[in-house]
Amino acid sequence: MSKNKAIKVVTAAVIAGSAITAVAPAQSEAATNSVDKAITKAHNQINKAFNAYYKEARFDNKLPSTSQIRKEAKLARDYYEAAKKQISKNGGSKSKKAAYLKKLDTKKQSLTRVENYVKAINVNVAAKKVAFESAVKGGTQSKVLAAQTALDQKNAEFKKAVAKVFGPDARRLLTSKYYTPADKLSATVDNEMAVYRAYRDIERKDLIEKDLAAAEKLIASTEKYVAKIEKKNTKLAQNIMKAVKKNKAAYEKAKAGTVTSQKQLDAILAKAKDGDKVEIKVNATESLKIATTKALTITLTGDFKKKDLTIDAPNTHVTNKAANSGKVTINDVSNTSYEQVGSYSSLVFNDTNGGRIINSTSAPLNITIAAGAKVTLVGNFGKVTVLGNAEVTLAANTIVQEVATDTAITVITEEGAKVEKTTGSGTVTVTPPTPVTPPVGGGGGGSTPDYVQVNLSQATTTVDLSGAADSRTFDGIQVTGATLGSDFVVKSVKTNRNQEPVKINKSIPIIATTMTITPAQILGDIANGATLGTLRSVLGGGDIVIDGVVESNSSGVADRPVTITIKLGSSVGSPIIKNDYFKIEKKGIVNGQKTAEVTIYTDKDVTLGALFDKNDIDFSAILARNAFNDPVITGGAATTVEAVEAELLKIIDGNKLELAKLSSLVDKTITLNGYTVTFKAE
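If you count by mature numbering (1 follows the signal peptide of the UniProt record, and there is no 0), then the sequence shown holds residues -26 to -1, 1 to 656, one letter each, in order.
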């Protein structure tokens, strides 16, 4: 290459290089201008959006168009984000980008403020107002409450959003335009909803039945609101007033029959008459005492609220079904018993005249028995504390977990009853009742018992008593041959002509290798010691057939069916049924009329209930089978116990047979089943 050519090439290269270097500043300036423009555009839009609400509120005392401010705020956010992208793309070095972002964010606070304004107006209170107004128009209380709650919640959300809006003027205008009207709208049914909520609680919690005091408090708390709505002519108010009237009526009715104080209880007892059945609903505000000498049957319900109960009512039976009794003290109660059903704190028995305590609670009953008291316990008992020389009897199948005493006592246990353990420094003697042989038909007296012997290991047993004298007593069935802990379940007892004097399905625990089944357990109303003559007359002779099953409590041991047949022999004529309380005697046909006479021994006057409880003498049943059902004379026509009871009810004072005294029958007459029975005194 010549020298001139080389010079030309170098010169061209230099010129070309100079041209490239010259355009670089122009490109950099263009990029920088695009970032600045984006920032400026964002700033201008943010200012526009901010001023659209802030300046209008501050200087013009008004709010911007909702759609317009949303549009301006959205553009402000869009331009802000676009500027950030420009900075990221064309902002140059890291330090320059940081400087651009700092410049952009000088208006970020204003952007946040305008967006907070938009967040506030986006809380849709209006929709909740529409739903609320629709519910009120419909008048359904529950729907109105739900709509009011939703409106209040949305309005509270709006209020919280407004609190974040910059500028007191804007906040004031937003509150005035949206929050306050919604709040006032909700308040239009505040009175109705206060009443509705109170009466809803009364109904849902069943307070009139379960807690009358709480119901009374709620009713009283809404009276001022009821006064404001009862004359309103809206569907909502009218519906609420229906509920108010219904519940107030129920409350007044319950209150009228509810005892809260001793004064109210005394008034009820004073009004009651002998023989009355009195149900007392308790809502105690103080401890109560039942003190009366009247023959009443009292049932307590309601709630004692841990207040104490004292009973001093020698002729009254009390069933306590009320909840939360405090200390229950029984000084005197009818022999027909006190029954505990509801919950209690403690129970003390002081009755020296004798009575029964029946446990019908779901748990063992704990009781303290005072010295000198006479009591029969029925049911399951936990700890029985005996403070002195008391007379304690456990009724058939009663279980006592513990007898605690520091003295010497005797506990008499009837069939199936037992004491599981004893504690204290005293001694407890557990013994079965002394067998007695009462006169014909029941009563007192004593002799060696005359039992029918049966071995339960045999499938069938027949005992022939047909040749025995009418005077021989029947004291029960003495059974052997069954394993301790098993049960003899009596399925049926049938007598002459396949009759069933009692409907029975009774489980008798085997508690001894040799034990006795009493006549009362298989024949119901016939007392221990009845003679064969009485049985032959009452049952019409023939056989007594007892079908049962020996059930073992051991696994793998099968149940064994057992049939016991007792041959009574031929029926006899009409014996005289006599005991310490009355005598029944057939007089035959007098002037063409079949007659019988019942003599009442008035020196031993008792109620029919006490006669049964103390002596197992069912007066109505004995009348039915002896005064009206002589198989020889009448041919065995069956007069039911119910029919006799119905006739007795017609001639006694009061409406409860168990409370009627034998003396109340004197000089009265019953005609039934072809017989006229006259009652006289002796």
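Cβ coordinates follow ideal geometry from the N, Cα and C atoms, glycine included.
Exercise. Can you tell me the Cβ-Cβ gap for L181 and A188, rounded? I've got them flagged as a contact below 8 Å.
Key: Translated into the one-based positions of the sequence shown, residue 181 becomes position 207. Translated into the one-based positions of the sequence shown, residue 188 becomes position 214. The pair is a contact, with the Cβ atoms about 5 Å apart (cut-off 8 Å).
Quiz item: With 16 as the cutoff for other CB atoms within 10 Å, does R446 come out buried or exposed?
Solution: Taking the sequence shown and counting its residues from 1, the one referred to as residue 446 is at position 472. The Cβ neighbour count for R446, taken over all protein chains shown within 10 Å, is under 16; the residue is labelled exposed.
Self-check item: Own chain partners of T403 with C-beta closer than 8 Å, once the 5 adjacent residues on each side are dropped
Solution: As a position in the sequence shown, residue 403 is number 429, starting the count at 1. Excluding sequence neighbours, T403 sits near A382, I383, T384 and V385.
Self-check item: Distance between K392 and G522 (C-alpha atoms, nearest Å)
Solution: Stepping through the sequence shown from its first residue, residue 522 is reached at position 548. Stepping through the sequence shown from its first residue, residue 392 is reached at position 418. If you take the alpha carbons of G522 and K392, they lie about 23 Å apart.
Exercise. Measure the alpha-carbon distance for L262 versus V315 and round it to whole angstroms.
Key: Translated into the one-based positions of the sequence shown, residue 262 becomes position 288. Translated into the one-based positions of the sequence shown, residue 315 becomes position 341. Cα-Cα distance, rounded: 18 Å.
Quiz item: In chain order, what residues of the same chain lie with their CB nearer than 7 Å to the CB of D499, ignoring the 5 residues before and after it?
Solution: Numbered from 1 along the sequence shown, position 525 holds the residue referred to as residue 499. With a pLDDT of 47 at D499, under the threshold of 50, the predicted position of this residue should be treated as unreliable, and no value is reported.
Quiz item: What residue does the alpha helix (DSSP H) around A655 start on, and which one ends it?
Solution: As a first step, residue 655 is located in the sequence shown; it is residue number 681 there, counting from the start. Note, A655: premise wrong, no alpha helix (DSSP H); beta strand (DSSP E) at Y649 to A655.
Quiz prompt | Reduced DSSP category for K134 - H, G, I as helix; E, B as strand; rest coil | solution = Numbered from 1 along the sequence shown, position 160 holds the residue referred to as residue 134. In this structure, K134 counts as helix in the three-state DSSP scheme.
Practice problem: Check whether the Cβ atoms of F278 and N298 sit closer than 8 Å, and answer yes or no. | Solution: The residue given as residue 278 occupies position 304 in the sequence shown. The residue given as residue 298 occupies position 324 in the sequence shown. Yes, Cβ-Cβ distance for F278 and N298 is below 8 Å.
Exercise. Kindly indicate which three-state DSSP category F593 falls into: helix, strand or coil?
Key: By one-based count along the sequence shown, residue 593 stands at place 619. Secondary structure at F593: helix, using DSSP grouped into helix, strand and coil.
Quiz prompt | Segment limits, alpha helix (DSSP H) that includes Q236 | solution = In the sequence shown, residue 236 corresponds to position 262, counting from 1. Its alpha helix (DSSP H) spans residues Q236 to K245.
Practice problem: Please name the residue or residues paired with D521 in a DSSP beta bridge. | Solution: Sequence index remark: in the sequence shown, residue 521 carries index 547 (1-based). In DSSP, D521 forms a bridge with S466 and T537.
Quiz item: Bridge partners of E559, per DSSP?
Solution: Taking the sequence shown and counting its residues from 1, the one referred to as residue 559 is at position 585. According to DSSP, E559 bridges with E571.
Quiz prompt | Separation of P493 from K465, as counted between CA atoms | solution = Locating residue 465 in the sequence shown gives position 491, where the first residue counts as 1. Locating residue 493 in the sequence shown gives position 519, where the first residue counts as 1. Taking the straight line joining both Cα atoms gives about 15 Å.
Quiz item: When you compare each of L147, N309, Q83 and D250 to N629 by their alpha carbons, which one comes out closest?
Solution: Walking along the sequence shown from the start, residue 629 turns up at place 655. Nearest option by C-alpha distance: D250.
Quiz item: Looking at L646 and V618, is the spacing between their C-beta atoms short of 8 Å?
Solution: By one-based count along the sequence shown, residue 618 stands at place 644. By one-based count along the sequence shown, residue 646 stands at place 672. Contact: yes.
Quiz item: Is DSSP giving I496 helix, strand or coil here?
Solution: In the sequence shown, the residue the question calls residue 496 occupies position 522. Helix at I496.
Quiz item: Are there 16 or more other CB atoms within 10 angstroms of the CB of A456, so buried, or fewer, so exposed?
Solution: The sequence position of residue 456 within the sequence shown is 482, counting from 1. Flag for A456 reads buried.
Quiz item: Hey, how far is the Cα of L506 from the Cα of E616?
Solution: For this step, residue 506 is matched to residue 532 along the sequence shown. For this step, residue 616 is matched to residue 642 along the sequence shown. Roughly 26 Å between the two C-alpha positions.
Quiz item: For the 8 Å Cβ check, are there 3 or more pairs between the region 300 to 310 and the region 271 to 289?
Solution: With a cut-off of 8 Å, the region 271 to 289 and the region 300 to 310 count as touching, because enough Cβ pairs lie within range.
Practice problem: Work out the CA separation of A337 and N371 for me, nearest whole Å. | Solution: As a working mapping, residue 371 is identified with position 397 in the sequence shown. As a working mapping, residue 337 is identified with position 363 in the sequence shown. The alpha-carbon atoms of N371 and A337 are separated by roughly 16 Å.
Practice problem: Enumerate in chain order the residues of its own chain whose CB-to-CB distance from A109 is below 6 Å, with the five nearest sequence positions on each side excluded. | Solution: Here residue 109 refers to the residue found at position 135 when the sequence shown is read from its first residue. Result list for A109: K117, V118 and A121, in chain order.
Practice problem: List the residues that DSSP assigns as beta-bridge partners of Q427. | Solution: Within the sequence shown, numbered from 1, the residue matching residue 427 stands at position 453. Answer is Q452.
Quiz prompt | At least 3 beta-carbon pairs within less than 8 Å: the region 241 to 250 vs the region 139 to 151 | solution = no
Exercise. Just the C-alpha distance for G300 and L321, rounded to the nearest angstrom, thanks.
Key: Taking the sequence shown and counting its residues from 1, one reaches residue 300 at position 326. Taking the sequence shown and counting its residues from 1, one reaches residue 321 at position 347. Their Cα atoms are separated by approximately 9 Å.
Quiz item: By the 10 Å Cβ neighbour count, where 16 or more other Cβ atoms means buried, how is T266 classified, buried or exposed?
Solution: Translated into positions along the sequence shown, residue 266 becomes position 292. Its Cβ being crowded by 16 or more others within 10 Å, T266 is buried.
Exercise. Kindly list the residues whose CB is nearer than 6 Å to the CB of T569, restricted to its own chain and excluding five residues on each side of it in sequence; keep chain order.
Key: Locating residue 569 in the sequence shown gives position 595, counting from the first residue. Excluding residues within five positions, the ones whose Cβ falls inside 6 Å are K561 and T650.
Quiz item: Taking C-beta to C-beta, are V428 and V453 nearer than 8 Å?
Solution: On the sequence shown, position 454 is the one that residue 428 refers to. On the sequence shown, position 479 is the one that residue 453 refers to. Result yes, Cβ atoms of V428 and V453 sit closer than 8 Å.
Quiz prompt | Under the three-state DSSP convention, the category V256 falls into | solution = One-based indexing of the sequence shown puts residue 256 at position 282. Three-state DSSP puts V256 in a strand.
Practice problem: Tell me whether V99 sits in a helix, a strand or coil according to DSSP, three-state version. | Solution: Residue mapping note: residue 99 aligns to position 125 of the sequence shown, counting from 1. Of the three classes helix, strand and coil, the one that applies to V99 here is helix, per DSSP.
Quiz item: If you count every other CB in all the chains shown that lies within 10 Å of the CB of N294, and 16 or more means buried, which is it?
Solution: In the sequence shown, the residue the question calls residue 294 occupies position 320. Flag for N294 reads buried.
Practice problem: Using a threshold of 8 Å, state whether the C-beta atoms of L582 and L439 are closer than that. | Solution: Residue 582 sits at position 608 when you count from the first residue of the sequence shown. Residue 439 sits at position 465 when you count from the first residue of the sequence shown. Contact: no.
Quiz item: Based on the DSSP secondary-structure assignment, which residues constitute the bridge partners of D380?
Solution: Taking the sequence shown and counting its residues from 1, the one referred to as residue 380 is at position 406. Answer is none; D380 lacks a bridge partner.
Quiz item: So what's residue 657 in DSSP terms, helix, strand or just coil?
Solution: Missing from the structure shown is residue 657; the chain here goes from -26 to 656 and no further.
Quiz item: Straight-line CA distance for V426 to A258?
Solution: Position 452 of the sequence shown, counted from the first residue, corresponds to residue 426. Position 284 of the sequence shown, counted from the first residue, corresponds to residue 258. About 55 Å.
Quiz item: How is S116 classed by DSSP in three states: helix, strand or coil?
Solution: Against the sequence shown, residue 116 aligns to sequence position 142. In this structure, S116 counts as helix in the three-state DSSP scheme.
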